[in-house]
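K.L.:
So that we are looking at the same thing, I have put the structure below in structure tokens.
Protein chains: 2
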Amino acid sequence: MRIYLAGPDVFLPDPGAAAAAKKALCVAYGAIGIFPTDPWPPSDPLALAQPRSRAMSIYARNEAHLRDCDALIANLTPFRGPSADAGTVYELGFMRALQRPVLGYSNVARRFTDRTLRSLGDSARQRPDGVWEDADHMSLEDFDLHDNLMIDGGIALSGGALIVRDVSPEQRFTDLIGFEACLAHLMSGAA
Amino acid sequence: MRIYLAGPDVFLPDPGAAAAAKKALCVAYGAIGIFPTDPWPPSDPLALAQPRSRAMSIYARNEAHLRDCDALIANLTPFRGPSADAGTVYELGFMRALQRPVLGYSNVARRFTDRTLRSLGDSARQRPDGVWEDADHMSLEDFDLHDNLMIDGGIALSGGALIVRDVSPEQRFTDLIGFEACLAHLMSGAA
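Taken in order, these protein sequences are the chains called L and E. Under full-length UniProt numbering, the first residue of the first sequence carries the number 1, and numbering increases by one thereafter. Under full-length UniProt numbering, the first residue of the second sequence carries the number 1, and numbering increases by one thereafter.
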């Protein structure tokens, strides 16, 4: 079982340490963790056909890893806004389209509607029918979910787990208890 | 050609009008536009197998539409943060995984790094090597792209277009010039 380790962990000061910690847990559960920054292919970095730029080269490598993995565990801790990191969300949808198990964890437990309202502050308004809207009169999702319904829905439909718990703010991008719970769920054959 | 019309347009005060405007443009180019809120399947709404909730029902419908479409055009105008709407990004990754053309437009032209720095305000810091980081010491992407590299990269690798232009703030979620440019690109066979 090859598991793609999606998340904003790639932006940590020491992404190599984050990768090593997750990979060690994967090994303990009998799986192989693939971190986005792992080389592709391991033996021939030049096989990335003429990357137009460093960013396109990184994209091509990540997509190759995704297609080569059997499942995905995403760090969905809210990142610079009410939702998860955009690259992580893209990868979650990608893997779900391939009908492979997708799982996720968040180290912030507050619900999506509440997080969005907090980020909007005084600019949020309630319509006469009770629906919240922002300053552009665009409505807020209000389904008591962890994030945008495409995220929660994709995980649910794949049979995966979405583990949500509160971790101290300083540890929220490195705490791996939720990650390990996803791993245990996946490797038990439940996903 | 069935085109999935992804975007935060579903949150507009009158999403039906937004759907109708995009669908009319699709017809003019010889395509069929599918809006996320279109019923699925048209003749039998009960075929959505036992939705656990309204949100799961919406998710299942959107995923069915995605699998049934030949291409996707995403409204990637930044939504409540530096990146595009999370549901839209999920759908973009989903369609790219199926190796179908994905295209996008944004009615805000400012680049991703600049938007992220503005949203961080005084909490952003520059490391000695010049890389920007946020208050959690997590780095910022700095590739002169429109959004997270997974978004720009997926569109580029699919051969799709990413149309970025500045529109007045009040019109940024309804202006369809960028959408039509994507449509023209797709229907010309370039994608």
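Ideal Cβ placement from N, Cα and C applies to all residues, glycine included. All figures in this text were calculated on a predicted structure; none of them were measured in a lab.
1. In whole angstroms, give me the CA-to-CA distance for D134 (chain E) and A84 (chain L).
2. Would a C-beta distance cut-off of 7 Å place A181 (chain L) and I163 (chain L) closer than the cut-off?
3. Alpha carbon to alpha carbon, how far is D14 (chain L) from A18 (chain E)? Give it in angstroms, no decimals.
4. With a threshold of 7 Å between beta carbons, is Y4 (chain E) in contact with chain L?
5. Can you tell me the Cα-Cα spacing of K22 (chain L) and L5 (chain L), whole angstroms?
6. Pull up the distance between the alpha-carbon of I34 (chain L) and that of R2 (chain L), whole angstroms please.
7. Alpha carbon to alpha carbon, how far is A71 (chain L) from G154 (chain L)? Give it in angstroms, no decimals.
8. Run through the DSSP bridge pairs and tell me what A71 (chain E) is partnered with.
9. Which same chain residues end up closer than 8 Å to L176 (chain L) when comparing Cβ atoms and leaving out the 5 residues on each side of it in sequence?
10. Three or more C-beta pairs under 8 Å: does that hold for the stretch 127–144 of chain L against the stretch 90–108 of chain L?
11. Quick one: any contact between the stretch 113–123 of chain E and the stretch 72–91 of chain E, if contact means 3 or more CB pairs under 8 Å?
12. Closer than 9 Å between beta carbons: that is the criterion. Which residues of the stretch 139–161 of chain E meet it against chain L?
13. DSSP three-state label for R100 (chain L), please.
14. Grab me the residues of F79 (chain L)'s own chain with a C-beta within less than 6 Å of its C-beta, minus the 5 sequence neighbours each way, in chain order.
15. To the nearest angstrom, how far is it from the Cα of S188 (chain E) to the Cα of L140 (chain L)?
16. Any C-beta of chain L sitting closer than 7 Å to the C-beta of L76 (chain E)?
17. Would you decide whether E170 (chain E) is buried or exposed? Buried here means 16 or more other CB atoms lie within 10 Å of its CB.
18. Determine whether the Cβ of A20 (chain L) lies closer than 7 Å to any Cβ atom of chain E.
19. Cβ of S83 (chain E) less than 7 Å from any chain L Cβ?
20. Inspect the beta-carbon positions of A109 (chain L) and D166 (chain L) and report whether they are closer than 7 Å.
21. Can you name the residues of chain E whose CB is closer than 7 Å to the CB of I58 (chain L)?
22. Mind reading off the beta-carbon distance from A74 (chain L) to G93 (chain L)? Whole number of angstroms is fine, and I expect it under 8 Å.
23. In angstroms with no decimal places, state the Cα-to-Cα distance between A64 (chain L) and P39 (chain L).
24. Can you tell me whether DSSP reads V164 (chain E) as helix, strand or coil?
25. Helix, strand or coil for G16 (chain L) per DSSP?
26. Could you check whether the Cβ of Y90 (chain L) sits closer than 7 Å to any Cβ belonging to chain E?
27. Report the rounded CA-to-CA distance for S57 (chain L) versus M150 (chain E), giving the unit in angstroms.
28. CB R172 (chain E) to CB T37 (chain E), shorter than 7 Å?
29. Closer than 8 Å by C-beta to R111 (chain E): which residues in its own chain qualify, once you throw out the five before and the five after it? Chain order, please.
30. Suppose the cutoff is 7 Å on Cβ atoms and the five residues either side in sequence are ignored; what does the same chain contact list for H185 (chain E) look like?
31. Less than 7 Å separating the beta-carbons of Y90 (chain E) and V89 (chain L)?
32. Whole angstroms are fine: how far does the CA of A156 (chain L) sit from the CA of D136 (chain E)?
33. Residues in the stretch 93–124 of chain L with C-beta within 8 Å of chain E's C-beta atoms, listed in sequence order?
34. Determine the closest residue to N107 (chain L) out of L:R96, L:G178, L:G16, L:S123, with distance taken between C-alpha atoms.
35. What does E133 (chain L) pair with, by DSSP beta-bridge criteria?
36. Under DSSP, the alpha helix (DSSP H) around G178 (chain E) begins and ends at which residues?
P.N.:
Concretely, from the data shown:
1. To locate residue 134 (chain E), count along the second sequence from 1; it is residue 134. To locate residue 84 (chain L), count along the first sequence from 1; it is residue 84. For D134 (chain E) and A84 (chain L), the distance between alpha carbons rounds to 16 Å.
2. Position 181 of the first sequence, counted from the first residue, corresponds to residue 181 (chain L). Position 163 of the first sequence, counted from the first residue, corresponds to residue 163 (chain L). In contact: A181 (chain L) and I163 (chain L) (Cβ atoms closer than 7 Å).
3. Mapped onto the second sequence, residue 18 (chain E) falls at position 18. Mapped onto the first sequence, residue 14 (chain L) falls at position 14. Distance between the alpha carbons of A18 (chain E) and D14 (chain L) is about 44 Å.
4. Here residue 4 (chain E) refers to the residue found at position 4 of the second sequence. With 7 Å as the cut-off, Y4 (chain E) does not count as an interface residue toward chain L.
5. Here residue 22 (chain L) refers to the residue found at position 22 when the first sequence is read from its first residue. Here residue 5 (chain L) refers to the residue found at position 5 when the first sequence is read from its first residue. The straight-line gap from Cα to Cα measures roughly 8 Å.
6. As a working mapping, residue 34 (chain L) is identified with position 34 in the first sequence. As a working mapping, residue 2 (chain L) is identified with position 2 in the first sequence. Distance between the alpha carbons of I34 (chain L) and R2 (chain L): 7 Å.
7. To locate residue 154 (chain L), count along the first sequence from 1; it is residue 154. To locate residue 71 (chain L), count along the first sequence from 1; it is residue 71. Roughly 13 Å separates the two Cα atoms.
8. Residue 71 (chain E) sits at position 71 when you count from the first residue of the second sequence. Looking at the DSSP assignment, A71 (chain E) forms a beta bridge with E:I3.
9. For the purposes of this step, residue 176 (chain L) is identified with residue 176 of the first sequence, where counting begins at 1. Cβ neighbours of L176 (chain L) beyond the five flanking positions: A21, K22, L25.
10. no
11. yes
12. S139, L140, E141, F143, D144, L145, D147, N148, L149, M150, I151, D152, G153, G154, A156, L157
13. For the purposes of this step, residue 100 (chain L) is taken as the residue at position 100 of the first sequence. R100 (chain L) falls in the coil class under three-state DSSP.
14. The residue you call residue 79 (chain L) lines up with position 79 of the first sequence. Taken in chain order, the residues that qualify are P8, D85.
15. For the purposes of this step, residue 188 (chain E) is taken as residue 188 along the second sequence, with counting starting at 1. For the purposes of this step, residue 140 (chain L) is taken as residue 140 along the first sequence, with counting starting at 1. S188 (chain E) and L140 (chain L): Cα-Cα distance of roughly 36 Å.
16. Here the question's residue 76 (chain E) lines up with position 76 in the second sequence. No, L76 (chain E) does not count as interfacial toward chain L.
17. In the second sequence, the residue the question calls residue 170 (chain E) occupies position 170. Label assigned to E170 (chain E): exposed.
18. Translated into positions along the first sequence, residue 20 (chain L) becomes position 20. No, no contact with chain E.
19. If you number the second sequence from 1, residue 83 (chain E) lands on position 83. Under the Cβ criterion of 7 Å, S83 (chain E) is counted among the residues facing chain L.
20. What you label residue 109 (chain L) is simply residue 109 of the first sequence in a count that begins at 1. What you label residue 166 (chain L) is simply residue 166 of the first sequence in a count that begins at 1. Yes, Cβ-Cβ distance for A109 (chain L) and D166 (chain L) is below 7 Å.
21. Taking the first residue of the first sequence as 1, we reach residue 58 (chain L) at position 58. Near I58 (chain L) (Cβ distances below 7 Å), the residues of chain E are L149.
22. The residue given as residue 74 (chain L) occupies position 74 in the first sequence. The residue given as residue 93 (chain L) occupies position 93 in the first sequence. Contact between A74 (chain L) and G93 (chain L) fails: their C-beta atoms lie close to 10 Å from each other, not under 8 Å.
23. Within the first sequence, numbered from 1, the residue matching residue 64 (chain L) stands at position 64. Within the first sequence, numbered from 1, the residue matching residue 39 (chain L) stands at position 39. Looking at the two C-alpha atoms, the distance is approximately 10 Å.
24. As a first step, residue 164 (chain E) is located in the second sequence; it is residue number 164 there, counting from the start. Note: V164 (chain E) maps to strand in three-state DSSP.
25. On the first sequence, position 16 is the one that residue 16 (chain L) refers to. Of the three classes helix, strand and coil, the one that applies to G16 (chain L) here is helix, per DSSP.
26. Locating residue 90 (chain L) in the first sequence gives position 90, counting from the first residue. Yes, contact with chain E.
27. By one-based count along the first sequence, residue 57 (chain L) stands at place 57. By one-based count along the second sequence, residue 150 (chain E) stands at place 150. Whole-angstrom Cα-Cα distance: 11 Å.
28. Taking the first residue of the second sequence as position 1, residue 172 (chain E) is located at position 172. Taking the first residue of the second sequence as position 1, residue 37 (chain E) is located at position 37. No, the Cβ-Cβ distance between R172 (chain E) and T37 (chain E) is not below 7 Å.
29. Residue numbering aside, residue 111 (chain E) sits at position 111 when the second sequence is read from its first letter. Answer for R111 (chain E): D144, L145, H146, listed in chain order.
30. Position 185 of the second sequence, counting from 1, holds the residue named residue 185 (chain E). Hits under 7 Å: L103, A161, A191.
31. Counting from one through the second sequence, the residue named residue 90 (chain E) turns up at place 90. Counting from one through the first sequence, the residue named residue 89 (chain L) turns up at place 89. Yes. Within cutoff.
32. The count along the second sequence starts at 1 and reaches residue 136 (chain E) at position 136. The count along the first sequence starts at 1 and reaches residue 156 (chain L) at position 156. Between D136 (chain E) and A156 (chain L), the C-alpha separation is close to 30 Å.
33. G93, F94, M95, R96, A97, L98, T116, S119, L120
34. Position 107 of the first sequence, counted from the first residue, corresponds to residue 107 (chain L). When only C-alpha atoms are compared, the closest one is L:G178.
35. Within the first sequence, numbered from 1, the residue matching residue 133 (chain L) stands at position 133. Partner(s): L:R125, L:S139.
36. Walking along the second sequence from the start, residue 178 (chain E) turns up at place 178. Annotation: the continuous alpha helix (DSSP H) that includes G178 (chain E) extends over 177–187.
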